[in-house]
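2 protein chains.
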Amino acid sequence: MSDARTEPAPRVVIIGGGFGGLSAAKALAKAPFDVTLIDRNNHHLFQPLLYQVATAALSPADIAWPIRHVLRGQKNARVMLAAVTGVDLPRREVVIDGHRVPYDYLVIATGARHAYFGHDDWAEFAPGLKTIDDATSVRRRILLAFEHAENESDAAERARLLTFVVIGGGPTGVEMAGAIAELAKRALAADFRSIDPRSARIVLVEAASRVLTPFDETLSDTARRALEQLGVEVRLGAAVTDCNADGVRLGSDFIPTRTVIWAAGVLASQAGQWLGAETDRAGRVKVRPDLSVPGHPDVFVIGDTAAVTDANGAVLPGVAPVAKQQGQYIARALIARREGRTVAAFRYRDYGALATIGRSRAVMQLGRLKVSGFFAWVLWSIVHIYFLIGLRNRFIVALNWAWNYITFQRGSRLITGLDARAEGQGQAAQTGLRSKAG
Amino acid sequence: MSDARTEPAPRVVIIGGGFGGLSAAKALAKAPFDVTLIDRNNHHLFQPLLYQVATAALSPADIAWPIRHVLRGQKNARVMLAAVTGVDLPRREVVIDGHRVPYDYLVIATGARHAYFGHDDWAEFAPGLKTIDDATSVRRRILLAFEHAENESDAAERARLLTFVVIGGGPTGVEMAGAIAELAKRALAADFRSIDPRSARIVLVEAASRVLTPFDETLSDTARRALEQLGVEVRLGAAVTDCNADGVRLGSDFIPTRTVIWAAGVLASQAGQWLGAETDRAGRVKVRPDLSVPGHPDVFVIGDTAAVTDANGAVLPGVAPVAKQQGQYIARALIARREGRTVAAFRYRDYGALATIGRSRAVMQLGRLKVSGFFAWVLWSIVHIYFLIGLRNRFIVALNWAWNYITFQRGSRLITGLDARAEGQGQAAQTGLRSKAG
Numbered sequence: 001m002s003d004a005r006t007e008p009a010p011r012v013v014i015i016g017g018g019f020g021g022l023s024a025a026k027a028l029a030k031a032p033f034d035v036t037l038i039d040r041n042n043h044h045l046f047q048p049l050l051y052q053v054a055t056a057a058l059s060p061a062d063i064a065w066p067i068r069h070v071l072r073g074q075k076n077a078r079v080m081l082a083a084v085t086g087v088d089l090p091r092r093e094v095v096i097d098g099h100r101v102p103y104d105y106l107v108i109a110t111g112a113r114h115a116y117f118g119h120d121d122w123a124e125f126a127p128g129l130k131t132i133d134d135a136t137s138v139r140r141r142i143l144l145a146f147e148h149a150e151n152e153s154d155a156a157e158r159a160r161l162l163t164f165v166v167i168g169g170g171p172t173g174v175e176m177a178g179a180i181a182e183l184a185k186r187a188l189a190a191d192f193r194s195i196d197p198r199s200a201r202i203v204l205v206e207a208a209s210r211v212l213t214p215f216d217e218t219l220s221d222t223a224r225r226a227l228e229q230l231g232v233e234v235r236l237g238a239a240v241t242d243c244n245a246d247g248v249r250l251g252s253d254f255i256p257t258r259t260v261i262w263a264a265g266v267l268a269s270q271a272g273q274w275l276g277a278e279t280d281r282a283g284r285v286k287v288r289p290d291l292s293v294p295g296h297p298d299v300f301v302i303g304d305t306a307a308v309t310d311a312n313g314a315v316l317p318g319v320a321p322v323a324k325q326q327g328q329y330i331a332r333a334l335i336a337r338r339e340g341r342t343v344a345a346f347r348y349r350d351y352g353a354l355a356t357i358g359r360s361r362a363v364m365q366l367g368r369l370k371v372s373g374f375f376a377w378v379l380w381s382i383v384h385i386y387f388l389i390g391l392r393n394r395f396i397v398a399l400n401w402a403w404n405y406i407t408f409q410r411g412s413r414l415i416t417g418l419d420a421r422a423e424g425q426g427q428a429a430q431t432g433l434r435s436k437a438g
Numbered sequence: 001m002s003d004a005r006t007e008p009a010p011r012v013v014i015i016g017g018g019f020g021g022l023s024a025a026k027a028l029a030k031a032p033f034d035v036t037l038i039d040r041n042n043h044h045l046f047q048p049l050l051y052q053v054a055t056a057a058l059s060p061a062d063i064a065w066p067i068r069h070v071l072r073g074q075k076n077a078r079v080m081l082a083a084v085t086g087v088d089l090p091r092r093e094v095v096i097d098g099h100r101v102p103y104d105y106l107v108i109a110t111g112a113r114h115a116y117f118g119h120d121d122w123a124e125f126a127p128g129l130k131t132i133d134d135a136t137s138v139r140r141r142i143l144l145a146f147e148h149a150e151n152e153s154d155a156a157e158r159a160r161l162l163t164f165v166v167i168g169g170g171p172t173g174v175e176m177a178g179a180i181a182e183l184a185k186r187a188l189a190a191d192f193r194s195i196d197p198r199s200a201r202i203v204l205v206e207a208a209s210r211v212l213t214p215f216d217e218t219l220s221d222t223a224r225r226a227l228e229q230l231g232v233e234v235r236l237g238a239a240v241t242d243c244n245a246d247g248v249r250l251g252s253d254f255i256p257t258r259t260v261i262w263a264a265g266v267l268a269s270q271a272g273q274w275l276g277a278e279t280d281r282a283g284r285v286k287v288r289p290d291l292s293v294p295g296h297p298d299v300f301v302i303g304d305t306a307a308v309t310d311a312n313g314a315v316l317p318g319v320a321p322v323a324k325q326q327g328q329y330i331a332r333a334l335i336a337r338r339e340g341r342t343v344a345a346f347r348y349r350d351y352g353a354l355a356t357i358g359r360s361r362a363v364m365q366l367g368r369l370k371v372s373g374f375f376a377w378v379l380w381s382i383v384h385i386y387f388l389i390g391l392r393n394r395f396i397v398a399l400n401w402a403w404n405y406i407t408f409q410r411g412s413r414l415i416t417g418l419d420a421r422a423e424g425q426g427q428a429a430q431t432g433l434r435s436k437a438g
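One line per chain: the protein sequences are A and B, in this order. Be aware that the first sequence starts at 1, since it is given in our numbering, and climbs by one per residue. Be aware that the second sequence starts at 1, since it is given in our numbering, and climbs by one per residue.
Quick look at the structure:
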């Protein structure tokens, strides 16, 4: 498409401003490309800490940063807030509601969303945790459950309101369950009169025989014991057979609850459909070793949307480091092509795995090195602050953690989105030291 | 209703956890009363800084604090999250959707909401600023206007998107207009490629002949000039005759815009209707000098919902200090009644008025003392941090201000509530250093 005589910079369009897309854009900073990053949100989200927004420890803005601000100094990059609806491969255009964006190279980094394995009706009762709006919605549900329990006179209903079920024993599920336990048993402990939040029942449900399956078995065991010490009931080998407004069914067992959080599975974005490409069961596009789509050497899929196998034939997990390394790889590959070179197939460097349980414990695995307890937690904190974007966010998050750690309190116990409720009583008094009436 | 033989503590029910209701509850801390504070939100909101949430300088949680956390140590107080729908005066009960809360004394501190003077159809196009959800919604509108302008190819539509009209030249309007100007001309300046945010047009519309009418004329003039230096177009003596999706009409003049913010007028809550009491034009209940409702000596109305006249016959403004002093007065009056004493009529102590214009200027009036400029701004900052609830909030807000001041940046440039938009592309990559798949 580009005119060979004047040779304008080839257009690289990146869809998705998560870890993969953003790292690709940044790695192209000084390269002779014209980069457009499209995302349907204005912010890059640090998803690993989303559970802390959902449990009132952090504010949404602490873990999100405007994508266009991150790339403001990068002259060859522009950012578009838009929802992509498809890709026109023959015309080499990204289709956006209303108009089209032409590309020479396309990088799809559109992530994944939570999936209910054919039970989409569960979504209403068991929300997942993928976006800021998901997190504030889960926060509202958790905090409202305590509020409603405080006003409830029926003991059975009160117990149901004070039961929280987290489905999925991966890092997100483990972190959520631990955080809810600490919220109930520490931060909220003294704030109610009719109920004792410390009596809340928190259940973590996992279909496998252990939590944190990507980790070594000994660490899974450590994590389970740490959860139990926090008061979390860990149900292993328990498959969810139904979710409804009254509770969660695990085969013959039924847990009455009003609050369920889904951390059990994800489905890749629709990129596979856009491209008409072959996908695996989780909807991930089966890419070639250079991350390009078979038959389309100029179209790449990375991150949670791509199925990439490592040397042992296992599919790489959907985590930030994989997406980041893939984004950087794409940039290197495009620069190489431009210079007439080729690069070797993508290879993931695994720097280890970390998961936190509650306020002062974590498990860490680095190859054969296994660490758990307080030291792992300190490391977890440092790693997460280091990877946050923006000095302000790092500072504010560190400060909030220090505050939470010392006081056991949560700074963001805010129920928002209640405006739809009956009008009539609001906050009293206005603003300033004097009249605000315009 | 209470049994004179056993003498249980009289039940004081307070509706509204704003400045008035909360100060009443706190001032009753050690008194022999059984206090119930009902609010439809779980948080006390520091409304004077709401405009900073709307302009991305602060996070919602920075200016809100859970009411039940504020009162957690107060043994005679309980907090109820509920939306009151009425008051049953003969039975002395507060009616809540579903059930009833009996009282011996009732304090209504339900505030005010923005009002469109009979033009309720304007609400859709010109949202006001009263709650956290209002603020995040206004923030979304402002930030989206820039985003849409960046994607817009039509010059007229781009100009319309880059025009922001604030209606109402009171402190809220002045603060909003100044903050939007700084957002456009500083924080966003370098982040776009197709548009220059510095070219944004910000118009402040005021029907009176000057802004900040509660202040002295010289300060109004100072504020207007400060706004103009920030690039705000100040339209005085301009009455809005229509608001619609395309713009704002001021008589024969029409300002094309996609973003209008309403800071022009308020209407008291529905308490007057609940009580069947006489109200003024703004819906405020005409209370007696002891703030009780005529004919109901045990029912009090305070804050923005009450019409209280000062010694000169002027109605007290709807601001935080009035509400706070009234809440404390009610507590003193109830304690006195209990002890068989009476208290003198409520008298407001006016400690002055403050309003800020942009990042380093303010105007201040303390009786005959008038101050403006940087010193007034420093004072404004100190006063507002001092009155925030909670050490954490004070610290985080001070830190954010310092950060904003030094870097000209805004820490909360977050567009939320977009989830309703088309699915299909999300944030790439998940969490942790390894798999999060449960």
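C-beta atoms are modelled at their ideal positions from N, C-alpha and C, and glycine is treated no differently. It should be emphasised that the depicted structure is a prediction, and the values quoted were computed from it without experimental measurement.
Every beta strand (DSSP E) of 3 residues or more that sits fully in the stretch 72-97 of chain B is shown, in chain order, as 77-81, 84-88 and 93-96. Proximity of chain B to Phe-192/A at the Cβ level (cut-off 8 Å) is accounted for by Arg-68, in chain order. If the five residues before and after Tyr-51/A are omitted, its C-beta is found closer than 7 Å to the C-beta atoms of Leu-129, Thr-172, Glu-175, Met-176 and Ala-179, all from its own chain and listed in chain order.
Asn-393/A and Ile-63/A have their alpha carbons spaced roughly 7 Å apart. Boundaries of the beta strand (DSSP E) harbouring Phe-254/B: 253-256, taken from the DSSP string. Assigned with DSSP and collapsed to three states, His-114/A falls in strand.
In the three-state DSSP reduction, Gly-20/B falls in the helix class (H, G or I). A Cβ of chain A is located within less than 8 Å of the beta carbon of Leu-81/B. With 16 or more other Cβ atoms from the protein chains shown falling within 10 Å of its own Cβ, Gln-365/A counts as buried.
Nearest to Arg-78/A by alpha-carbon distance, out of Ile-38/A, Ala-239/A, Glu-147/A and Asn-404/A, is Ile-38/A. The Cβ of Asp-310/A sits no closer than 8 Å to any Cβ of chain B. A contact is defined here as three or more CB-CB pairs under 8 Å, and the stretch 23-38 of chain B fails this definition with respect to the stretch 368-386 of chain B. Annotation: the continuous alpha helix (DSSP H) that includes Gln-273/A extends over 271-275. Distance from the CA atom of Arg-235/A to the CA atom of Val-203/A, rounded to whole angstroms, is 7 Å. With respect to chain A, the C-beta atom of Glu-147/B has a partner C-beta closer than 8 Å.
Residues of the same chain with a CB within less than 8 Å of the CB of Phe-346/B, apart from the 5 flanking positions on each side, are Pro-289, Asp-290, Leu-291, Val-308, Gln-325, Gln-326 and Tyr-329 in chain order. Of Ala-268/A, Trp-401/A, Ala-181/A and Leu-212/A, the smallest CA-CA separation from Leu-230/A is found for Ala-181/A. Cα atoms of Ile-255/B and Leu-144/B: separation of roughly 19 Å, rounded to the nearest angstrom. By the neighbour-count definition (other C-beta atoms within 10 Å, threshold 16), Asp-120/B is an exposed residue. Put simply, the backbone Cα of Thr-85/A is about 56 Å away from that of Val-371/B. Pairing Phe-215/B with Gly-313/B, the inter-Cα distance amounts to about 18 Å. The stretch 307-394 of chain A is shown to contain whole alpha helix (DSSP H) runs of 4 or more residues at 320-338 and 374-387, in chain order. Ranked by Cα distance from Arg-141/B, the options Ile-132/B, Leu-161/B and Asn-151/B are led by Leu-161/B.
Taking 8 Å as the cut-off, the beta carbon of Glu-228/A is found no closer than this to the beta carbon of Gly-168/A. Exclusion of the five residues before and after Tyr-351/B leaves Pro-321 and Leu-366 as the residues of its chain whose Cβ lies within less than 8 Å of its Cβ. One thing to note: Pro-10/A has its Cβ within 8 Å of the Cβ of Asp-104/A. At a cut-off of 8 Å between beta carbons, Pro-256/B makes no contact with chain A. Bounds of the beta strand (DSSP E) holding His-296/B are 296-301. Contact check for Ala-149/B against Gly-265/B fails: the beta carbons are separated by 8 Å or more. Between Pro-60/A and chain B, the shortest Cβ-Cβ separation is below 8 Å. Contact between Ala-282/A and Leu-267/A holds, with the beta-carbon distance rounding to 6 Å and staying under 8 Å. Close partners of Trp-403/A in chain B (Cβ separation under 7 Å): Arg-392. Under the Cβ criterion (8 Å, minimum of three pairs), the stretch 185-200 of chain B counts as touching the stretch 402-412 of chain B. Taking 8 Å as the threshold, the shortest C-beta distance from Thr-342/B to chain A does not fall below it.
Annotation for Leu-161/A: the continuous alpha helix (DSSP H) segment containing it runs 155-161. Taking C-beta atoms as the reference points, Leu-219/A and Val-319/A fail to come closer than 8 Å.
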